[in-house]
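Okay, so the sequence shown: first residue is 45 according to the numbering used here, each after it adds one. Shown next, in structure tokens, is the structure this report addresses.
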Amino acid sequence: MSAPRRTGFEPPRAVVLDTDGVLIDSAAVHAAAWKTAFDGCLAAWTDGTRRQEPFDADADYRRYVDGRSRADGAEAFLTARGIRLPPGTADDRPGCGTMGAVAARKERAFRDALRTRPVVAFADAVPALTALRSLRVPCAAVSASRHARALLASAGTDRLLATVVDGADAARLGLAGKPDPALFLHAAQVLGVRPRDCAVVEDALAGVLAGHRGGFGLVVGVDRTPDRHATGAMRERGAHLVVTDLMECVEAVWGAVQ
Numbered sequence: 045m046s047a048p049r050r051t052g053f054e055p056p057r058a059v060v061l062d063t064d065g066v067l068i069d070s071a072a073v074h075a076a077a078w079k080t081a082f083d084g085c086l087a088a089w090t091d092g093t094r095r096q097e098p099f100d101a102d103a104d105y106r107r108y109v110d111g112r113s114r115a116d117g118a119e120a121f122l123t124a125r126g127i128r129l130p131p132g133t134a135d136d137r138p139g140c141g142t143m144g145a146v147a148a149r150k151e152r153a154f155r156d157a158l159r160t161r162p163v164v165a166f167a168d169a170v171p172a173l174t175a176l177r178s179l180r181v182p183c184a185a186v187s188a189s190r191h192a193r194a195l196l197a198s199a200g201t202d203r204l205l206a207t208v209v210d211g212a213d214a215a216r217l218g219l220a221g222k223p224d225p226a227l228f229l230h231a232a233q234v235l236g237v238r239p240r241d242c243a244v245v246e247d248a249l250a251g252v253l254a255g256h257r258g259g260f261g262l263v264v265g266v267d268r269t270p271d272r273h274a275t276g277a278m279r280e281r282g283a284h285l286v287v288t289d290l291m292e293c294v295e296a297v298w299g300a301v302q
């Protein structure tokens, strides 16, 4: 059932949507790639006095790396495990000796996975974007991934977007990663709207927090987990509304779509 519209609430003039996990079904591929990267190095990082638990592709992924850049995700997880590595650089070869090498290891695993597991749009993505276009509400997609544009194009959703801000843009413009709101704020600026007149739609906890910190007029969490176990955490981080699919969001905020 759709959430009721708030009395006196003016629907946002534009929408900024996360890419992975909101528009395209790539979060599971990213999570599996992170597990390959981390688990393959845990033995090298263990001093023999204690055993490191394997990376949890659900809980650890959502808590530490979902929505973040590769470098930030690697740092967040390793810091939580008490593992300290030199930062390295973005040009490091895949390995276990630096943060940059671990990030490169994840990138290699992700590219390998894409060869056998094509990424597709969620069933609700194109209907929701089409409905918003019919309502003359421009949409932007944001992502910490440098693959976002290519994946959105292959999934057939790029044609319904006014703009895309991805990891390559973030690096070029020096935009901080989530939970910093810089990616969202830049996308809103490109769309020509103030944050308070714009909605952010996110499935990652870091992204929900970024929308809240950015002062966006509406922060929507998309909880696609089978038992909706992320809903409470999304609300704690500032989500005004939590839905299970994008059409539920469109109907709740903009009313019935003709």
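Beta carbons are placed, not taken as given, at the ideal position from N, Cα and C, and that holds for glycine. Everything numeric in this text was worked out from a predicted model, so none of it was measured.
(message) I need the boundaries of the beta strand (DSSP E) containing Gly265, first residue and last residue.
(response) Stepping through the sequence shown from its first residue, residue 265 is reached at position 221. Where Gly265 is concerned, the enclosing beta strand (DSSP E) stretches over 262-266.
(request) Entirely within the region 215-297 and at least 3 residues each: give me those beta strand (DSSP E) ranges in chain order. (result) DSSP runs (the beta strand (DSSP E)) wholly in the region 215-297: 242-246, 262-266, 285-287.
(request) Over the uninterrupted alpha helix (DSSP H) stretch that includes Leu86, give me the two end residues. (result) As a first step, residue 86 must be located in the sequence shown, where it is residue number 42. Where Leu86 is concerned, the enclosing alpha helix (DSSP H) stretches over 71-89.
(request) Within its chain, find whatever has a CB closer than 6 angstroms to the CB of Val244; leave out the 5 residues flanking it on each side and keep chain order. (result) Here residue 244 refers to the residue found at position 200 of the sequence shown. Apart from the 5 residues on each side of it in sequence, Val244 sits with its Cβ closer than 6 angstroms to the Cβ of Val60, Phe228, Gly255, Phe260, Val263 in its chain, given in chain order.
(request) Would you check if the distance between the CB atom of Arg81 and the CB atom of Val146 is smaller than 7 angstroms? (result) If you number the sequence shown from 1, residue 81 lands on position 37. If you number the sequence shown from 1, residue 146 lands on position 102. The question names Arg, but residue 81 is Ala in the sequence shown. Taking a C-beta distance under 7 angstroms as the contact criterion, Ala81 and Val146 qualify as a contact pair.
(message) What residue range does the beta strand (DSSP E) around Asp210 cover?
(response) Locating residue 210 in the sequence shown gives position 166, counting from the first residue. It is not in any beta strand (DSSP E) - Asp210 carries neither H nor E in the DSSP assignment.
(request) Identify every residue that forms a DSSP beta bridge with Asp64. (result) Here residue 64 is taken as the residue at index 20 of the sequence shown, counted from 1. Bridge partners of Asp64: Ile68.
(request) Work out the CA separation of Ile68 and Pro171 for me, nearest whole Å. (result) Here residue 171 refers to the residue found at position 127 of the sequence shown. Here residue 68 refers to the residue found at position 24 of the sequence shown. The alpha-carbon atoms of Pro171 and Ile68 are separated by roughly 13 angstroms.
(request) Go ahead and pull the three-state DSSP assignment for Val109. (result) For this step, residue 109 is matched to residue 65 along the sequence shown. Helix, per DSSP.
(message) Taking its Cβ as the centre, do 16 or more other Cβ atoms sit within 10 Å of His284, making it buried, or is it exposed?
(response) Walking along the sequence shown from the start, residue 284 turns up at place 240. That one is buried.
(request) Determine the direct distance from the alpha carbon of Ala88 to that of Trp298, and round the result to whole angstroms. (result) The residue labelled residue 298 in the question sits at position 254 within the sequence shown. The residue labelled residue 88 in the question sits at position 44 within the sequence shown. The C-alpha of Trp298 lies about 52 angstroms from the C-alpha of Ala88.
(message) Could you compute how far the alpha carbon of Leu217 sits from the alpha carbon of Pro98?
(response) What you label residue 217 is simply residue 173 of the sequence shown in a count that begins at 1. What you label residue 98 is simply residue 54 of the sequence shown in a count that begins at 1. The alpha-carbon atoms of Leu217 and Pro98 are separated by roughly 35 angstroms.
(message) Counting C-beta neighbours from all protein chains within 10 Å, is the total for Ala215 16 or more, i.e. buried, or is it exposed?
(response) The residue you call residue 215 lines up with position 171 of the sequence shown. Result: exposed.
(request) Return the first residue and the last residue of the beta strand (DSSP E) that Val186 is part of. (result) As a first step, residue 186 is located in the sequence shown; it is residue number 142 there, counting from the start. Unbroken beta strand (DSSP E) run through Val186: 183-186.
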